[in-house]
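What follows is a set of notes on a single structure, which appears directly below.
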Amino acid sequence: MIISSSTDYRAAARSRLPPFLFHYIDGGAYAERTLERNVSDLSDVALRQRVLRDMSDLDLSITLFGERMALPIALAPVGLTGMYARRGEVQAARAAAGKGIPFTLSTVSVCPIEEVAPAIDRPMWFQLYVLRDRAFMKDALERAKAAGCSTLVFTVDMPVPGARYRDAHSGMSGPHAAMRRYLQSVTHPRWAWDVGMHGRPHDLGNISRYRGDPTGLEDYIGWLGANFDPSISWRDLEWIRETWTGAMVVKGILDPEDAKDAVRFGVDGIVVSNHGGRQLDGVRSTAHALPAIADAVKGDLKILADSGIRTGLDVVRMIALGADAVLLGRAFVYALAAEGERGVAHLLDLFEKEMRVAMTLTGVRTIGEIDRSICDV
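For what it's worth, my numbering labels the leading residue of the sequence shown as 3, then goes sequentially.
As structure tokens, then:
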């Protein structure tokens with residue numbers, strides 16, 4: 003297969019992965035309408051083409067939370083990334099570091115903090131949920147700090163797990179799930195050899211370190227359901243804000259009033275996100291929610307955005323709508339599943355080339371020059 007876009011990597015990942023893993027990363031909540039709109043609404047953002055403006059010198063770098071980034075992109079926290087390639091979090095982190103951008107490790111990663119952080123030559127970011135088990139949160143924060151993590155990303159749009167019907171159909175959850183996953187795995191020999199046989203241990207590394215015993219895939223859904231906390235409020239983050247010395251970002255903002263609350267609370271940044279359409283189906287796409295949020299808080303904190311980003315052109319669109327940078331999720335996991343670290347590195351190269359084309363033809367030389375004036379509205 004000739005790989006020339008993230009769409010090609012999605013097709014390659016679908017071919018290689020057991021269905022339960024492909025549909026886990028590919029799917030959304032309920033009827034998946036928000037998942038679809040994340041992509042379609044962003045791709046519908048029209049841009050103004052400009053010509054004859056001497057675009058020979060472009061600068062795609064930014065400084066975010068005191069870190070120099072070669073691109074306005076960070077790899078998003080994605081649970082179970084280590085099931086998509088052998089020790090997948092390590093491979094993805096290496097690809098990101100090689101490109102000069104941050105990697106964000108998920109709470110529910112396969113590889114623990116202590117395995118990923120030493121594998122790269124720049125500080126990684128760490129994502130954490132607000133959970134019922136506050137002792138786990140304290141342990142994770144201490145370990146992230148000890149490992150040199152620079153930015154803490156709190157995901158706040160999962161007080162309860164979303165209804166993801168694909169997971170029940172695919173074998174990720176539901177009746178006889180373990181047997182269904184085993185049968186799918188043996189019919190996908192490349193994945194079974196690379197990850198199934200040689201990617202062990204297949205547990206939730208950060209949680210296993212805390213509990214002192216393996217927390218495997220069969221415990222994943224149950225652990226999440228038992229530990230997400232519907233009573234979450236801003237006061238639950240106060241003790242963390244007082245003790246965490248690095249940058250703090252709140253992920254899962256879709257409403258301007260919540261963004262204003264984040265400013266009042268004193269966080270360093272927010273991620274405008276609907277969790278990739280995996281939580282509440284029917285909410286606004288990120289592309290539709292972002293402009294009003296930017297109008298409300300731009301300049302008071304840093305604004306990141308995710309959900310629906312499939313190309314470098316989409317990165318430019320999202321920044322034009324008000325983001326300072328983006329988080330890249332599904333797209334990098336498709337590439338990781340298809341070709342490991344090399345695939346993620348290649349995908350980031352593709353994104354950079356696509357961004358250069360978009361910036362050249364809209365007449366902007368730096369990321370800071372990208373704003374709504376380049377949109378054809």
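Ideal placement from N, C-alpha and C gives every residue a C-beta, glycine not left out.
Here the structure is a predicted model, which means the values were calculated and not measured.
Three-way DSSP call (helix, strand, coil) for residue i in this model
i    : result
W195 : helix
L206 : coil
V118 : helix
M250 : strand
M189 : Per the sequence shown, the amino acid found at residue 189 is Thr instead of Met. The answer is coil: DSSP assigns T189 none of H, G, I, E or B.
F64  : It should be noted that the sequence gives Ile, not Phe, for residue 64. In this structure, I64 counts as strand in the three-state DSSP scheme.
M181 : helix
A76  : strand
M320 : helix
M174 : coil
V335 : helix
T109 : coil
I295 : helix
G90  : helix
G218 : strand
C-alpha gap between residue i and residue j, whole angstroms
i    : j    : result
D302 : A340 : 40 Å
V246 : V269 : One point to set straight first is that residue 246 is Trp, not Val, in the sequence displayed. Distance between the alpha carbons of W246 and V269: 11 Å.
V265 : A307 : 16 Å
L77  : G102 : 11 Å
R12  : A337 : 7 Å
G278 : A95  : 21 Å
G342 : H204 : 17 Å
W236 : M139 : 15 Å
G84  : G201 : 8 Å
S6   : V335 : 16 Å
R182 : H190 : 13 Å
S2   : R89  : For residue 2 there is no data in the structure shown, the boundaries of the chain being 3 and 379.
G29  : N40  : 13 Å
Cβ-Cβ separation, residue j to residue i (assumed contact under 8 Å), whole Å
i    : j    : result
L66  : A327 : 6 Å
I27  : R332 : 6 Å
A261 : A298 : 5 Å
A31  : A165 : 6 Å
Q129 : L143 : Contact doesn't hold; Cβ gap of about 12 Å is too wide.
T288 : Q51  : Not confirmed; about 24 Å, so no contact.
I305 : V285 : In fact, because the Cβ distance is near 18 Å, the residues do not count as touching under 8 Å.
F230 : M160 : 6 Å
S152 : G248 : 5 Å
Span of the alpha helix (DSSP H), counted from its first residue to its last, around residue i
i    : result
R367 : It is not in any alpha helix (DSSP H) - R367 carries neither H nor E in the DSSP assignment.
A142 : R136 to A148
W241 : E240 to T245
A388 : Residue numbering for the chain in the displayed model covers 3 to 379; residue 388 lies beyond these limits and cannot be assessed.
K262 : P258 to F267
I27  : P21 to D28
Residue burial classification, residue i (beta-carbon count within 10 angstroms, cutoff 16)
i    : result
K355 : exposed
W193 : buried
W127 : buried
V132 : buried
V359 : exposed
S58  : exposed
V188 : exposed
T368 : exposed
A170 : exposed
E220 : exposed
I4   : exposed
E240 : exposed
L185 : exposed
H178 : exposed
Endpoints, the beta strand (DSSP E) within which residue i is located
i    : result
V285 : V285 -> no beta strand (DSSP E), and no H or E assigned at all.
F156 : T153 to T157
Y131 : W127 to Y131
G271 : G271 to V274
R70  : E69 to M71
Residue i beta carbon near the ligand ZN (any heavy atom closer than 7 Å)
i    : result
A294 : Of the ligands one can find in the structure shown there are none, so the ligand ZN has no counterpart to examine.
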